[in-house]
Amino acid sequence: MARKIVCRLFPERAESHVENGRKSGEVMREKEYRLEIPERHYRKLERQAKKEQVGVDELIERRFFGVGDLPEEWTAALHE
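Following my numbering, the numbering of the sequence shown begins with 179 at its first residue and continues without gaps.
The structure is reproduced here in structure tokens:
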């Protein structure tokens, strides 16, 4: 069974930034993602987070820069 948690990560692709009606470049902004993590991975993260005295979400945000860096077994969807 997978565990769900919400974390702030960077998306895989940059977004177009529009300023004064003109496209002014690409922008990367953190977004909240709902992650589904396999139970065995979650337990490992939980143990490590306890050692470091942080939450599991904070540990994930420290270890993984963006959605593209997450392990293949995990799923991520934008949290709304």
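All residues carry an ideal CB built from backbone N, CA and C; glycine is no exception.
What you are looking at is a predicted structure, and each value in this text was computed from that prediction instead of being measured.
Top-ranked residue by Cα proximity to residue i, from the options
i      : options                : result
Pro189 : Arg200, Val234, Gly244 : Gly244
Ile238 : Arg191, Tyr220, Ala255 : Tyr220
Glu208 : Gly233, Val184, Ala180 : Val184
Beta-carbon proximity list for residue i, same chain, < 6 Å, skipping 5 on both sides
i      : result
Leu187 : Tyr211, Gly244, Val245
Leu214 : The identity of residue 214 in the sequence shown is Glu, whereas the question assumes Leu. Answer for Glu214: Ala180, Lys182, Thr253, listed in chain order.
Phe242 : Leu248
Proximal residues to residue i (C-beta, below 8 Å), its chain only, five neighbours per side dropped
i      : result
Met179 : Glu217
Coil, strand or helix - residue i by DSSP
i      : result
Val232 : coil
Leu248 : coil
Glu239 : helix
Glu214 : strand
Arg181 : strand
Arg221 : helix
For residue j and residue i, believed in contact at Cβ under 8 Å, the rounded distance
i      : j      : result
Val234 : Glu250 : Not confirmed; about 19 Å, so no contact.
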